[in-house]
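Q: Per numbering that gives the first Met the number 0, residue 0 is the first one in the sequence shown, and the count goes up by one each step.
For every residue, glycine included, the Cβ atom is placed at its ideal position computed from N, Cα and C.
All figures in this text were calculated on a predicted structure; none of them were measured in a lab.
This is the structure, below, for whatever I ask next.
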Amino acid sequence: MSNLESDPREAVCGGEGAGEPELLPGRDVVLGGTRGMKVTRTLPTAGRRMVGAWCFADAYGPEPATMTVPPHPHTGLQTVSWLVEGEVLHRDTLGSEQVIKPGQLNLMTAGRGIAHSEESEYGRLHGAQLWVALPESARHTAPAFEHHPDLPELTEPGCSVTVLLGELAGLTSPATAHTPIAGAEIVVSAPSRLPLKPAWEYAALVLSGTAQVAGTTLEPGPLLYLGAGRSSVDLGGDARLLLLGGEPFEERIVMWWNFVGRSHDEIVEFRRSWGEGALGPVPGYDGDPLRAPELPSLRLKPRGRVR
Numbered sequence: 000m001s002n003l004e005s006d007p008r009e010a011v012c013g014g015e016g017a018g019e020p021e022l023l024p025g026r027d028v029v030l031g032g033t034r035g036m037k038v039t040r041t042l043p044t045a046g047r048r049m050v051g052a053w054c055f056a057d058a059y060g061p062e063p064a065t066m067t068v069p070p071h072p073h074t075g076l077q078t079v080s081w082l083v084e085g086e087v088l089h090r091d092t093l094g095s096e097q098v099i100k101p102g103q104l105n106l107m108t109a110g111r112g113i114a115h116s117e118e119s120e121y122g123r124l125h126g127a128q129l130w131v132a133l134p135e136s137a138r139h140t141a142p143a144f145e146h147h148p149d150l151p152e153l154t155e156p157g158c159s160v161t162v163l164l165g166e167l168a169g170l171t172s173p174a175t176a177h178t179p180i181a182g183a184e185i186v187v188s189a190p191s192r193l194p195l196k197p198a199w200e201y202a203a204l205v206l207s208g209t210a211q212v213a214g215t216t217l218e219p220g221p222l223l224y225l226g227a228g229r230s231s232v233d234l235g236g237d238a239r240l241l242l243l244g245g246e247p248f249e250e251r252i253v254m255w256w257n258f259v260g261r262s263h264d265e266i267v268e269f270r271r272s273w274g275e276g277a278l279g280p281v282p283g284y285d286g287d288p289l290r291a292p293e294l295p296s297l298r299l300k301p302r303g304r305v306r
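So this is what it looks like as structure tokens:
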């Protein structure tokens, strides 16, 4: 999914781990104009812009909606598409054409540059769109797309875990990861405990229901940042949630519109290349691509994890 804001803010990575859980309110963003689909964005947010390499998190639904996201570019990141309800058709400049359904993973690695579109018919949609920042070693790689209909699952009394990306609770996703990372959907119905890596940082995002996460009551909307230093997390309630985590991402990045780069000049070049059609068309999409918004008047600065 694209960041469709007409005046996108520069995303500033920030935050350090450990300590009490921190509740981070999301902000409502309407994609595709005033009649578009509303999402709640919890990454990036003021004060804490990344959790591991996770740099963007939109949750949407459940509500009747039509997803119409024209071709748009990405660089330097991976898009992680996850559905709870509905179906969405992905197309990209590689010629990929894939319908994603609930419980399946679409993973697109932008690398040095890719464009894609996303469409759905009118109906109930519920899911999340997540981005992962690529490290220096992988951000110039060739673009790629993966579809994973079957993901590793762990089912225990009161809790089931599906690992989307990386590793959690002894399970490892088959999806390609370029940093030490964890991304999982958890359905909890009774008190449970999951093992964590103390050197990693984690956060929880409820998609439906009400959960108790590390002693905090959490409902859909905000992101609960758990920090680092935990060997486990206690869960309870009756809810479906995402657990995001990973090794803290120490590289300084610039994140603007749909691009992740390392300097203002790189972002300028990404924007110019997109405007000149360098990424090529998205086969099968009937319509015009998105135009990039104007760059801000001030230079974009690469920033680290602390603002």
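From M49, A143, P61 and G110, pick the residue whose C-alpha is nearest to that of G94; which is it?
A: Residue numbering aside, residue 94 sits at position 95 when the sequence shown is read from its first letter. For G94, the nearest C-alpha among the options comes from A143.
Q: Of the residues I185, V131 and H73, which one's Cα is nearest the Cα of H115?
A: Residue numbering aside, residue 115 sits at position 116 when the sequence shown is read from its first letter. With distances taken between Cα atoms, H115 lies closest to H73.
Q: Taking all protein chains shown into account, decide if L241 is buried (16 or more other Cβ within 10 angstroms of its Cβ) or exposed.
A: Mapped onto the sequence shown, residue 241 falls at position 242. By the 10 Å Cβ count, L241 comes out buried.
Q: Please report the Cβ distance between L88 and V79, rounded to the nearest whole angstrom; I am assuming they are in contact, meaning their Cβ atoms lie under 8 Å.
A: Numbered from 1 along the sequence shown, position 89 holds the residue referred to as residue 88. Numbered from 1 along the sequence shown, position 80 holds the residue referred to as residue 79. The Cβ separation is near 17 Å, so there is no contact.
Q: If you scan the stretch 21 to 78 from start to end, which runs of the beta strand (DSSP E) of 3 or more residues do you find wholly inside it?
A: Counting only runs of 3 or more, we get 21 to 23, 26 to 30, 36 to 42, 53 to 64 and 67 to 73.
Q: Between the C-alpha atoms of L42 and A189, what's the straight-line distance to the nearest angstrom?
A: Reading the sequence shown from its first residue, position 43 is the one you call residue 42. Reading the sequence shown from its first residue, position 190 is the one you call residue 189. When rounded, the distance between both Cα atoms is 28 Å.
Q: Cα separation between A183 and E265?
A: In the sequence shown, residue 183 corresponds to position 184, counting from 1. In the sequence shown, residue 265 corresponds to position 266, counting from 1. The alpha-carbon atoms of A183 and E265 are separated by roughly 32 Å.
Q: So who's on the other strand from V98, going by DSSP bridges?
A: Taking the first residue of the sequence shown as 1, we reach residue 98 at position 99. Per DSSP, L88.
Q: Mind checking E200: buried by the 16 CB within 10 Å criterion, or exposed?
A: On the sequence shown, residue 200 is found 201 positions in, with the first residue counted as 1. By the neighbour-count rule (16 or more Cβ atoms within 10 Å), E200 is buried.
Q: Restricting to Cα atoms, I'd like to know which of Y121, Q77, L163 and H147 is closest to L153.
A: Mapped onto the sequence shown, residue 153 falls at position 154. Selected option, being the one with the closest Cα: L163.
Q: Is it buried or exposed for A127, if we count other Cβ within 10 angstroms and need 16 for buried?
A: Taking the sequence shown and counting its residues from 1, the one referred to as residue 127 is at position 128. Per the 10 Å Cβ criterion, buried.
Q: Between C158, T108 and L124, which has its C-alpha nearest H139's C-alpha?
A: Residue numbering aside, residue 139 sits at position 140 when the sequence shown is read from its first letter. Measuring from the Cα of H139, the nearest candidate turns out to be T108.
Q: So which of T92, L104 and E86 has the shortest CA-CA distance to L110?
A: For this step, residue 110 is matched to residue 111 along the sequence shown. This sequence places Gly at residue 110; Leu is not what is there. Looking at the Cα atoms, T92 is the closest of the given residues.
Q: To the nearest angstrom, how far is the alpha carbon of T175 from that of N257?
A: Mapped onto the sequence shown, residue 175 falls at position 176. Mapped onto the sequence shown, residue 257 falls at position 258. Those two C-alpha atoms are separated by around 20 Å.
Q: With a threshold of 16 other CB atoms inside 10 Å of the CB of A308, please say whether the residue is buried or exposed.
A: In this structure the chain extends from 0 to 306, so residue 308 is not present and cannot be described.
Q: Taking the CB atoms as reference points, tell me whether P24 and G214 lie closer together than 9 Å.
A: Looking up residue 24 in the sequence shown gives position 25. Looking up residue 214 in the sequence shown gives position 215. No.
Q: Let me check understanding here. Comparing Cα to Cα, which of T161, L82, T65 and G157 lies closest to L129?
A: On the sequence shown, position 130 is the one that residue 129 refers to. It is L82.
Q: Do Y284 and L22 count as a contact pair if the criterion is CB distance below 9 Å?
A: Translated into the one-based positions of the sequence shown, residue 22 becomes position 23. Translated into the one-based positions of the sequence shown, residue 284 becomes position 285. Cβ atoms of L22 and Y284: not closer than 9 Å.
Q: What does a CB cutoff of less than 6 Å around T33 pick up in its chain, not counting 5 residues either side in sequence?
A: On the sequence shown, residue 33 is found 34 positions in, with the first residue counted as 1. Confidence at T33 is low in this model, with a pLDDT of 49, below 50, so the placement of that residue should be treated as unreliable; the coordinate-derived value is given next. Closer than 6 Å at the Cβ level, and outside the excluded window around T33, lies no residue.
Q: Suppose you measure from the CA of L204 to the CA of P70; what does that come to, to the nearest Å?
A: For the purposes of this step, residue 204 is identified with residue 205 of the sequence shown, where counting begins at 1. For the purposes of this step, residue 70 is identified with residue 71 of the sequence shown, where counting begins at 1. Approximately 28 Å between the Cα atoms of the pair.
Q: Hey, how far is the Cα of V170 from the Cα of S159?
A: As a first step, residue 170 must be located in the sequence shown, where it is residue number 171. As a first step, residue 159 must be located in the sequence shown, where it is residue number 160. As written in the sequence, residue 170 is Leu, which differs from the Val given in the question. So the alpha carbons of these two residues sit roughly 12 Å apart.
Q: Would you call S172 buried or exposed, if buried means 16 or more other Cβ atoms sit within 10 Å of its Cβ?
A: The residue you call residue 172 lines up with position 173 of the sequence shown. Buried.
Q: Where in the stretch 231 to 268 do unbroken runs of the beta strand (DSSP E), each at least 3 residues long, occur, reported from the N-terminal end onward?
A: Taking only runs of at least 3 residues, the beta strand (DSSP E) segments lying wholly in the stretch 231 to 268 are 231 to 245, 253 to 255 and 258 to 260.
Q: Is the separation between the beta-carbon of A202 and that of L243 shorter than 9 Å?
A: In the sequence shown, counting from the first residue as 1, residue 202 sits at position 203. In the sequence shown, counting from the first residue as 1, residue 243 sits at position 244. The answer is yes: Cβ separation under 9 Å.
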